[in-house]
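The block underneath contains the structure these notes are about, expressed in structure tokens.
In this note's numbering, the protein residues as written are 1045 to 1166.
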């Protein structure tokens, strides 16, 4: 299993562990960040999915994009990557899902140790 497929399977596992309300909040938190940093690289439908009002309910955003779709968009903007998962970790802490934040911390630690092992022995 490659580095990126491990991350993809981990993110898929996170999506499965979140209940509907938590998914809505995660999408809202990530989409709020996306609207703050929107650039010409962001797909045109992103702004319409976010809405023009700041008070838009998270459930309205969920109808447009899923958690994994938001993660993909954040990757396109280089806001997250396999080595840079702090954004997702902070979002999980915001919604009081320490268990998922700990999984990200464990994943990051394993990747750092694997990188050091390759560097030292390679």
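Built from N, CA and C at the ideal position, the CB exists for glycine as well.
Residues near residue 1152 in its chain [Cβ-Cβ closer than 7 Å; skip 5 each side]: 1129
For residue 1053, does the three-state DSSP call read helix, strand or coil? Three-state result, residue 1053: helix.
In this structure, how does DSSP classify residue 1160 when only helix, strand and coil are distinguished? helix
Residue 1143 to residue 1159, Cα distance in whole Å? 24 Å
First and last residue of the alpha helix (DSSP H) that includes residue 1137? First-last of the alpha helix (DSSP H) with residue 1137: 1130-1138.
Using 8 Å for Cβ pairs, my map puts residue 1110 next to residue 1119. What's the rounded Cβ distance? Residue 1110 to residue 1119, Cβ: 14 Å. No contact.
With distances taken between CB atoms, is the gap from residue 1059 to residue 1112 smaller than 7 Å? yes
Pick helix, strand or coil for residue 1125, following the three-state DSSP scheme. strand
Going by other Cβ atoms of all chains shown within 10 Å of its Cβ, with 16 needed for buried, is residue 1075 buried or exposed? buried
Do you know how far the Cα of residue 1155 is from the Cα of residue 1146? 14 Å
Mind checking whether residue 1185 and residue 1068 have CB atoms under 7 Å apart? The question about residue 1185 has no answer, for the chain in this structure spans 1045 to 1166.
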